[in-house]
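Q:
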Amino acid sequence: MDAEVRLEPFRTPKTYVTVVYWLIGGLVLGLLLIRVGAWWTPALVWTYVVLAWLYFNWRYSPVVRFPVQHTAHNVVGRWPATAGEGPIKKLILMAHYDTAPVSALYGSSQRTFRGSLIFSLFLMLLAAILGTIEAFGAGWPWLTYARYGFIAYFLLQAVTGTIGYYLHGFTNGASDNATGVVAALETADRLRQDKPADVDLEIVLTSAEELGMLGAYYYVEAHRKQWPVGKTAAINFDTLGAGKLTIIEQTGTLEVLRYNNLATDTARQLLQKEPFKATAKLGRWHTADFDSAWFVRQNIPILCLCALDEKGEMPRIHRPEDTLDRVDLAPMYQAVALAEAVFRRLSVAL
599 MDAEVRLEPF
609 RTPKTYVTVV
619 YWLIGGLVLG
629 LLLIRVGAWW
639 TPALVWTYVV
649 LAWLYFNWRY
659 SPVVRFPVQH
669 TAHNVVGRWP
679 ATAGEGPIKK
689 LILMAHYDTA
699 PVSALYGSSQ
709 RTFRGSLIFS
719 LFLMLLAAIL
729 GTIEAFGAGW
739 PWLTYARYGF
749 IAYFLLQAVT
759 GTIGYYLHGF
769 TNGASDNATG
779 VVAALETADR
789 LRQDKPADVD
799 LEIVLTSAEE
809 LGMLGAYYYV
819 EAHRKQWPVG
829 KTAAINFDTL
839 GAGKLTIIEQ
849 TGTLEVLRYN
859 NLATDTARQL
869 LQKEPFKATA
879 KLGRWHTADF
889 DSAWFVRQNI
899 PILCLCALDE
909 KGEMPRIHRP
919 EDTLDRVDLA
929 PMYQAVALAE
939 AVFRRLSVAL
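Going by the numbering used here, the final residue of the sequence shown carries number 948, and the count climbs one at a time with no gaps.
1. Assign residue 668 to buried or exposed, taking buried as 16 or more other Cβ atoms, counted over all protein chains shown, within 10 Å of its Cβ.
2. When DSSP builds the beta bridges, which residues end up paired with residue 798?
3. Kindly list the residues whose CB is nearer than 8 Å to the CB of residue 800, restricted to its own chain and excluding five residues on each side of it in sequence; keep chain order.
4. For residue 674, report the span of its beta strand (DSSP E) as first-last.
5. If I'm right that residue 751 touches residue 615 with Cβ under 8 Å, what's the distance once you round it to whole angstroms?
6. Drop a sphere of 10 angstroms on the beta-carbon of residue 813, count the other beta-carbons inside from all chains shown, and report buried for 16 or more, exposed for fewer.
7. For the beta strand (DSSP E) that contains residue 832, what are its first and last residues?
8. Give the DSSP-derived three-state secondary structure of residue 916 in the structure shown.
9. Going by C-alpha to C-alpha distance, which of 789, 888 and 718 sits closest to residue 679?
10. Using 8 Å as the Cβ pair cut-off and three pairs as the minimum, do the segment 849 to 865 and the segment 806 to 823 touch?
11. By DSSP, does residue 734 sit in helix, in strand, or in coil?
12. Hey, would you say the C-beta of residue 866 is under 6 Å away from at least one heavy atom of the ligand HEM?
13. Whole angstroms are fine: how far does the CA of residue 894 sit from the CA of residue 852?
14. Considering residue 606, what are the terminal residues of the beta strand (DSSP E) in which it resides?
15. In the structure shown, what three-state DSSP assignment does residue 779 receive?
16. Can you list, in chain order, the residues of its chain with a C-beta nearer than 7 Å to that of residue 907? Leave out the 5 residues immediately preceding and following it.
17. When the Cα atoms are used, what is the spatial distance from residue 944 to residue 745?
18. Does the beta-carbon distance from residue 885 to residue 711 come in below 7 Å?
19. For the candidate residues 759, 727 and 754, whose alpha-carbon lies nearest to that of residue 701?
20. Along the chain, where does the beta strand (DSSP E) containing residue 866 start, and where does it finish?
21. Can at least three beta-carbon pairs, one atom from the segment 725 to 743 and one from the segment 640 to 649, be found at a separation below 8 Å?
22. Can you tell me the Cα-Cα spacing of residue 683 and residue 827, whole angstroms?
23. How close, in whole Å, do the beta carbons of residue 807 and residue 920 come, if the pair is a contact with beta carbons under 8 Å?
24. Starting from residue 846, follow its DSSP beta bridges and name the residues at the other end.
25. Can you give the beta carbon distance from residue 887 to residue 656, rounded, assuming they're within the 8 Å contact cut?
26. Report the CB separation of residue 876 from residue 903 in whole angstroms; it is logged as a contact under 8 Å.
27. Ends of the alpha helix (DSSP H) at residue 947?
28. Buried or exposed: where does residue 784 fall if 16 or more other Cβ atoms within 10 Å of its Cβ makes it buried?
29. Which residues in the same chain have their Cβ closer than 8 Å to the Cβ of residue 666, if we skip the five residues on either side of it in sequence?
30. From the DSSP output, which residues share a beta bridge with residue 951?
31. Whole angstroms are fine: how far does the CA of residue 659 sit from the CA of residue 650?
32. Of the residues 779, 718, 743 and 607, which one's Cα is nearest the Cα of residue 754?
33. Look at residue 708 and residue 911 and say whether their C-beta atoms are less than 7 Å apart.
34. What's the call for residue 743, buried or exposed, on a 16-neighbour Cβ count within 10 Å?
35. For the beta strand (DSSP E) that contains residue 855, what are its first and last residues?
36. From residue 633 to residue 756, what does the alpha carbon distance come to, in whole angstroms?
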């Protein structure tokens, strides 16, 4: 494809299992150590509550730097602008290539994921409040029983969230996210052949998306100050192997991220016309998040494309059944067509 290719290394845990164990382990340790007059024990609990609230609201949390770390790589391909003068426009295509550990949490309805996560976060907050009250001398006997109840619940959550990894390892990742990688590469191949001279086209295949979108975070942090303000846009492809092509309008856990930007608005306009009117829809996703979250937080226009079924779910993700023979290729090809049309318009509108 005649691209300038580079690898961008960054440090990360190997899986989110490490992060979950640090968060739950630190929280449980702090609760176990609660004693009257020991002010530092609730401080330990509060520290891990804050780390968990950041992480599960899909913000950067320092817990992702805790041991054990290894080196992962983002793969970046670039077709530079060839215009000699004038402002340059930056267009970015993105998809993650890492796969997720098998998770029991995705075996039932994915729509309950956000609710259960919010419930757990509020229980962490309540545990920290009651632990603080107990440490400062409240003599209510039920506080101790409540504290041990919280400990049991958090330990159960840690086991439930990670046992699939020990039983089954990683998923095959056919839909999540080999389809996104193929769509990004195919779109790049189409665009690079006749892109305008003032367009700097880049494709980034991120790693560690399944750990909290870390690859995309480090990519954005490394390059956003170099991108031309007001003339940069991106498209993210994620899980296009089952369901109907979906333009994401909203994501998030407690903190809602809304995709109100030029790239998404351009896709909405195209959705009013054929062939996209019949093949795509608007949707929301609150089961974890996408790499595109970091672009939204930096107010960089981005379109996020995935495929959702009639229930608003992604069939078979994070499950052993996410295999190539179950992939429906139609949403992937439709995503390529829509992405190409959006970028053609953005190359003029930016």
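Heads up, the beta-carbon is just placed ideally off N, CA and C, and yes, glycines get one too. Computed from a prediction, not measured in an experiment: that's the story for all the values here.
A: Let me lay it out:
1. exposed
2. 688
3. 674, 675, 676, 677, 688, 689, 690 and 691
4. 668 to 677
5. Not a contact, Cβ separation roughly 19 Å.
6. buried
7. 830 to 835
8. coil
9. 789
10. no
11. coil
12. Of the ligands one can find in the structure shown there are none, so the ligand HEM has no counterpart to examine.
13. 16 Å
14. 602 to 610
15. helix
16. 840, 841 and 913
17. 54 Å
18. yes
19. 759
20. That residue, residue 866, is in no beta strand (DSSP E); its alpha helix (DSSP H) goes 860 to 869.
21. yes
22. 17 Å
23. That belief does not hold up - the Cβ atoms of residue 807 and residue 920 are roughly 15 Å apart, past 8 Å.
24. 881
25. 4 Å
26. Wrong, their Cβ atoms sit about 16 Å apart, outside the cutoff.
27. 928 to 947
28. buried
29. 611, 612 and 616
30. As shown, the chain starts at 599 and ends at 948. That puts residue 951 outside it, with no answer to give.
31. 8 Å
32. 718
33. yes
34. exposed
35. 854 to 856
36. 24 Å
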